[in-house]
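Here's the structure we're looking at; comments come further down.
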Amino acid sequence: MTDGMLRAPAEVKYAEELDWLESIDDAPKPFSWRLSPRMVRLFVLGSERADGLDREVRQKWFGDRSFVERAIVTLASDRGLLLIGDPGTGKSWLAELLSAAISRNSTLVVQGTAGTTEDHIKYSWNVSMVIAKGQSRESMIPSPIMTAMEAGVIGRFEELTRSTSDVQDALISILSEKYVSIPELDDDNIVFAKPGFSIIATANSRDRGVNDLSSALKRRFNFVRIPVVTNKRSEAEIVRFRTEELLRRHQIELELPPTLLDVLLQSFADLRAAAASATSDDEKLESALSTAEQIGVLEDAILHSRFFGDATLRPETLGGSLVGSLARRSPEDLAILNKFWHGVVEPRSKKDKGGPWEGFLEGGRQAISTLS
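Mapped onto the working numbering, the consecutive letters of the sequence shown carry residue numbers 954 to 1325.
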């Protein structure tokens, strides 16, 4: 079912599982929801033995259960949901999973940018049809948000704080009044939201000051703050889960040695500690050092091993990939990584004679030399 898709949305990727959960779900469902709140939570966080299911449902988002439950409760009310946190904390993935479980459609998305306009959240016009037949509902192009309103499903707004105040103000009326007026039409000129409609928005906490949300818009949302994953075990589960998906998608048979995963996790933990103790931005990497960036480093190393190696993931490749992925500013980031390699990685490699840290040290050194 996912053939021909570079990346299948969650409702397609997990279609068979969602069908099965819907078939056994006899609990009350709010509005037009496809699954009950308990089943939505189970789909996102995975099943446990106490659930008594005939089959296992794998965990897809790794985080505190209370965050997911608060998000689900919010969507069952008439308030919007705002997921806010640092880059790479899984906000968009959680929004996609919730939309897939509740509406079986996670693709009604508006991407917030400086160029996003009111048309992107309301409607626009098919110019050729307007010229031929005039303005009508037929010649109107509804936005993803308006489509969600008409269908009574979840609409998504990514990076809300990157959009301008005009767009944010337009969103206030949609969240408050639950309808959109179309003044260009004389008849059938109001689109009302059907029960079940809601908006999941995401915001990057590092974008504070770009386009701050007004107090009026904040009141229309329930906030769920997604923290950076600091638990090493939880982070390892996330990285392993995403890596397994990558290997399946690329049909790669390659083993991820646990020792190399430990090296990656420890390196990011050390880099985060160094960033936390830095006294100025010049002493910090431009990278947010998020879990998502760890996955990117590992993906780079795996694909390099697959296409230019012997299909074996080696510490030298991982070290080179980490440097190549995190050295975004030259010479600032390269200087920081060089200091890290001499002060942290080299001492670890001396204690780990014959272990993965030695190869990791060599691969990173070579990459720093090449980029310098």
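From the three backbone atoms N, C-alpha and C, an ideal C-beta is built for every residue, glycine too.
DSSP places F1110 in the uninterrupted beta strand (DSSP E) bounded by 1107-1111. As a beta-bridge residue in DSSP terms, Q1064 pairs with E1111. Within the same chain, and ignoring the five residues on either side of E1190 in sequence, the residues whose Cβ sits closer than 8 Å to its Cβ are Q1012, F1015.
Exposed is the label assigned to M958, since fewer than 16 other Cβ atoms lie within 10 Å of its Cβ. DSSP places R1193 in the helix class (H, G or I) of the three-state scheme. Within the model, the alpha-carbon separation for I1205 versus D979 is close to 40 Å. Bridge pairing for G1033: F1174 [DSSP]. Of all alpha-carbon atoms in R1018, E1188, H1203, the one lying nearest the alpha-carbon of D1215 is that of E1188. When beta bridges are read from the DSSP output, P1095 appears opposite Y1076. Secondary structure of T1265 (DSSP, three-state): coil.
Along the stretch 1193-1259, the beta strand (DSSP E) does not occur as any fully enclosed run of 3 or more residues. With contacts defined by Cβ atoms closer than 7 Å, T1066 and R1115 form a contacting pair. Segment contact: the stretch 1021-1041 against the stretch 984-1000, three or more CB-CB distances shorter than 8 Å; contact assigned.
Classified as exposed, N1184 has fewer than 16 neighbouring CB atoms from the shown chains inside 10 Å of its CB. The DSSP-derived three-state label of S1151 is strand.
In the structure shown, the three-state DSSP call for N1184 is coil. The three-state reading of DSSP puts V1133 in strand, counting E and B together. From the listed residues L1279, M1102, P1180, the smallest Cα separation to A1146 is found for M1102. Within the stretch 969-1050, complete alpha helix (DSSP H) segments of at least 4 residues are found at 990-998, 1018-1028, given in chain order. Using a Cβ-Cβ distance cut-off of 8 Å, the stretch 1289-1297 and the stretch 1223-1240 are in contact, since at least three pairs of beta carbons, one from each stretch, lie closer than that value.
Within 10 angstroms of the beta-carbon of N1291 lie 16 or more other beta-carbons, which makes it buried. The C-alpha of R1195 is placed about 23 Å away from the C-alpha of R1002. In terms of CA proximity to L1324, L1287 leads the group L1287, P1300, M1093.
Residue state for A1156 is assigned as strand, using DSSP reduced to three classes. In this structure the stretch 1093-1100 touches the stretch 1055-1062; the number of beta carbon pairs closer than 8 Å is three or more. Bridge partners of F1145 according to DSSP: Y1132. Separation of the CB atoms of S1278 and E1246 is rounded to 7 Å, and the pair is thereby assigned contact status at 8 Å.
Between the stretch 1198-1212 and the stretch 1260-1267 there are three or more inter-stretch CB-CB distances shorter than 8 Å, so the stretches are counted as touching. For L971 against A1054, the beta-carbon gap comes to about 7 Å, under 8 Å, which counts as contact. Spanning the alpha carbons of E1285 and T1270 requires a straight line of approximately 23 Å. Going by beta carbons, W1078 and S1089 fall outside the 7 Å limit. Per the coordinates, the alpha-carbon of S1019 lies some 19 Å from the alpha-carbon of A1156. If you look at D1286, you'll find it in the alpha helix (DSSP H) that goes 1285-1293. By the criterion of a C-beta distance shorter than 7 Å, A1280 is surrounded in its chain by D1286, L1287, L1290, L1324, once the five residues flanking it on both sides are discounted.
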